[in-house]
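Heads up: the sequence shown at position 129 corresponds to 129 in the numbering used here, and the numbers run straight through without jumps.
This report refers to the structure that appears directly beneath it.
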Amino acid sequence: MTPDNAKPFRPRPRPENSATILRLLASAATNWPEVALVVARDPMLCLALLSAAPLAQGDLDDGLNVALRKRLEALGADLLRTWLWGLDAARSGGEGAHALLTAECALHLALETHYPRPDEAYLTGLWLSPAGFGLPDALSPSPATDTDLAPHGGLLQTDDFRQYVARAARNCGLSATVGDTLELGPLLEEQLLNAHPLLRLAHAAHQLADPAWTERLDTIARLTGLDTATLRSLRTDVSYIVAGHASYPAPAALPAPVASGLPLADDPFRAAAIHGLVVSAFADSSDAETAARLALACPLLGLRATPLVVAADADGRLRPLITGAASTAAALLEELQLAEDDPASCIALSARSGRPAAHFGSGPGPGRSMADWQMVRWLGRRGLCCLPLPLNPGFAVAIVALDREQDLASSERWMLTELLGAAARAMRASQAQQETIAAREAALQNRFREHVRRIAHEATNPLTVIRSRLDLLGQQHPADTSMHEEMSLLNAELDRIGKLLRRAGDMPTDETELARCNLTELLLDMRALYGDSLFASKGITLELRAANKLPPVAMPPSALKQVLLNLFRNAAEALQPGGRLSVALAGQAIANGRNCIEIRLVDNGPGLPPERMHDLFSARPSTKGGTHQGVGLSVVRDILTQWNASILCRSQSGSGTSFQLFIPLEQSD
């Protein structure tokens, strides 16, 4: 873990690699695999990207380049350009080619010796020497102006480099052996022979990359277990590979703005370019995409993680707009109910005035603002800096947790204000758009419900007439028991229609009907109700074979009745006088891993048109004319899917159509 007083590791890429990446990003379609290849060859850039988005278990299964490509794509071209253009002038010195040669030697030695994690060996070789980071092999205690690699913001000593890079490598999600290998200095051969294989591979690669490698072949052979002929061949192959890397893409001079020595905030050309890139990076992005990009960009720009960003709501309370890694602090801030007009809080002051503010306690007590003191403790640092972010109107505030106010340089403040401001405005715009869409949808739903309610109200009139006529018929034939039974079924169906009409104008609610149905009883009721009106009156035979003592199925009776009624109507419309529809409960079957009851419906009609079979269950205009909507089978499929049931259809022209329904049993597990 990084100590509390350690600054984030902020290595910078080699200038020629920055230029190559910027050139690749300038193409119409970004070639991310090529960009990832350049990143993988640059010690600083590779370490920075993996520090910003540490490797998780299995991330290297598809190779280092794939892992880097995924992170670069998540960051996006605009934010990658922003980072590269926002860097101060980087040293062009350093033996980058030697670091790459060492890395390739480590990779190929790992492959040759069957080391299980060759990409870790490659990264270890890439980061093994200070020269790969543009630093001299031996650092003196003289004053240094570049403190990006300094563990405590001070001077970088020889041992400091090894410790800091080892710590950074561990924070990248790599195994502990990588950190150990990077932290240890020169070792005796007898020590290496008893060490972890990665340690031996790294030291062997370092010697194999040395200009005098031929004089060390015997030592390398003992460390790796490979014969000298194999090592000579491997070294020749690696030299060829590294030479190819050096020649493609061709190096180019950096554009003038990138090489400028001006501080970022004082360079109008770079500042204007970065502003446009940052705004573009978050344009039309979802909240999830914005959060993912910030999670990568903030560590690259010097922060440990995305800071908490707050903004005032309609009631003047400061609420989280961007949570980032401070989810606990954000939740506690919600409970705190900090007001924008709080006179003591520097967070509230920054939100009101649009000016930076800071809180660093000088004593053990909370001081003037209890809210600020608590926020510092929730964030786990010694203080906080408030950066105002223009929202138009008003301001959001980025709460950056720090140990010292000086830890955030002016260029970093400017860059973070641009980055977080663009993200905050994008998220506020996204929220406003979602609220507008929700309001529009609510208005449309209200209009639709009112329309349906009016129709339902009008439809109850003919239902009332029909029900009254049925009651009158019952009174005229009091002794006809059969008629009374049929009218009872008809009244039940009229009640169901009335209930459906009343529910049509209401918002959907959870299903309250018991999901339990006795199939035999349901089919007998449906034959009594629809046998004459749909089939017998048209000269069509309805055959029903229903077994007794079948277990109940896990589906509401009304839903299953709607499915069967749709299929009955389709068959009645397709069959001619003399036709036949057979409905049978075929027993239990396994469908989609569930115990089911199979219902089989078979008719001897003309069959379905061939062109209808390929999308049988999709809604489409009906060819039957009249009031047919063409959605019957679509409704059937949707209802069955809702209750984990399924349907199959077979049809042959001139030979009829069959449907098989598989309805899960009430206890199907």
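Note that beta-carbon positions come from the ideal geometry of N, C-alpha and C, so glycine has one too.
Residues bridged to P540 [DSSP beta-bridge criterion] | Checking the sequence, you will find Ile at residue 540 rather than Pro. Paired residues: none, contrary to the question.
With burial defined as no fewer than 16 other Cβ atoms inside 10 Å of the residue's Cβ, what is the status of L472: buried or exposed?
-> exposed
If F678 and G383 are in contact, beta carbons under 8 Å, what's the gap, nearest whole angstrom?
-> Residue 678 is absent from the structure shown; the chain starts at 1 and stops at 669.
R600 by DSSP, collapsed to three states: which one?
-> strand
Could you round the C-beta distance between L333 and V309 to whole angstroms and report it? I think they count as a contact, below 8 Å.
-> Wrong, their Cβ atoms sit about 11 Å apart, outside the cutoff.
Can you tell me which of the three DSSP states L139 falls into?
-> Residue confidence for L139 is low, a pLDDT of 41 falling below 50, so the modelled location carries little weight and cannot support an answer.
Nearest-angstrom Cα distance between S655 and A574?
-> 12 Å
Could you check what DSSP says for F448 in three-state terms: helix, strand or coil?
-> helix
8 Å contact criterion, which L84 and L68 should meet: CB distance rounded = Contact between L84 and L68 does not hold, since the beta-carbon distance rounds to 15 Å and is not under 8 Å.
Note down, one range per segment and in chain order, each alpha helix (DSSP H) of at least 4 residues found wholly within the region 165-245.
-> 176-183, 189-193, 197-208, 217-224
Assigned secondary structure, L387 (DSSP; H/G/I helix, E/B strand, else coil) = strand
Cβ-Cβ distance between I639 and L519 below 9 Å = No, these two residues do not count as a Cβ contact at 9 Å.
Who does L318 pair with in a DSSP beta bridge?
-> A312
Consult DSSP for H359 and reduce its assignment to one of helix, strand or coil.
-> strand
If we count the other Cβ atoms within 10 Å of its Cβ and call it buried at 16 or more, is H203 buried or exposed?
-> With 16 or more other CB atoms across the displayed protein chains lying within 10 angstroms of its CB, H203 is buried.
Below 9 Å between beta carbons: does that hold for A74 and L296?
-> yes
Spatial neighbours of S247 in its chain, beta-carbon cut-off 8 Å, leaving aside the 5 residues before and after = Caution applies to S247, whose pLDDT of 47 falls short of 50 and renders its modelled position unreliable; the model cannot decide the point.
Decide if M613 is buried, meaning its Cβ has at least 16 other Cβ atoms within 10 Å, or exposed.
-> exposed
Ends of the alpha helix (DSSP H) at A670?
-> This structure leaves residue 670 out entirely; the chain is present only between 1 and 669.
Under a Cβ-count criterion, where at least 16 other Cβ atoms within 10 Å of its own Cβ denotes burial, should G125 be classed as buried or exposed?
-> buried
Would you check if there are 3 or more beta carbon pairs closer than 8 Å linking the region 538-555 to the region 580-599?
-> yes
Secondary structure of R14, DSSP reduced to three states = R14 falls in the coil class under three-state DSSP.
Of the residues A584, R637, R594, which one's Cα is nearest the Cα of A666?
-> Note that residue 666 is Glu in the sequence shown, not Ala. Per the Cα distances, R594.
Can you name, in chain order, every residue of its own chain whose Cβ lies under 7 Å from the Cβ of L550, other than the five neighbours on each side?
-> L519, T520, L585, I597
Under three-state DSSP, which class holds G656?
-> strand
Is the CB-CB distance between L294 and A423 below 9 Å?
-> yes
By Cβ distance below 7 Å, which residues in the same chain neighbour A312 in space, the five residues on each side in sequence not counted?
-> L318, E340, A351, G394
Identify which residue in R428, G316, G173, C105 has its Cα closest to the Cα of W213.
-> C105
Opening and closing residue of the alpha helix (DSSP H) in which V397 lies = It is not in any alpha helix (DSSP H) - V397 instead sits in the beta strand (DSSP E) that spans 395-402.
Please classify G587: does DSSP put it in a helix, a strand, or coil?
-> Strand, per DSSP.
Residues bridged to V553 (per DSSP) = C517, L665
How long is the line joining the alpha carbons of A344 and I399, rounded to whole angstroms?
-> 16 Å
When you compare only the Cα positions, how much space is there between L100 and V178?
-> L100 and V178 have their C-alpha atoms roughly 17 Å apart.
Using CA coordinates, which residue listed in G498, D532, R41 is at the minimum distance from V683?
-> Because the chain is modelled from 1 through 669, residue 683 falls outside the range shown and cannot be assessed.
Excluding five sequence neighbours on each side, which residues of the same chain lie with their C-beta closer than 7 Å to the C-beta of Q207?
-> W213, R216, T219, I220
DSSP beta-bridge partners for L681?
-> Past the boundaries of the shown model lies residue 681; the chain is included only from 1 to 669, so the question cannot be answered.
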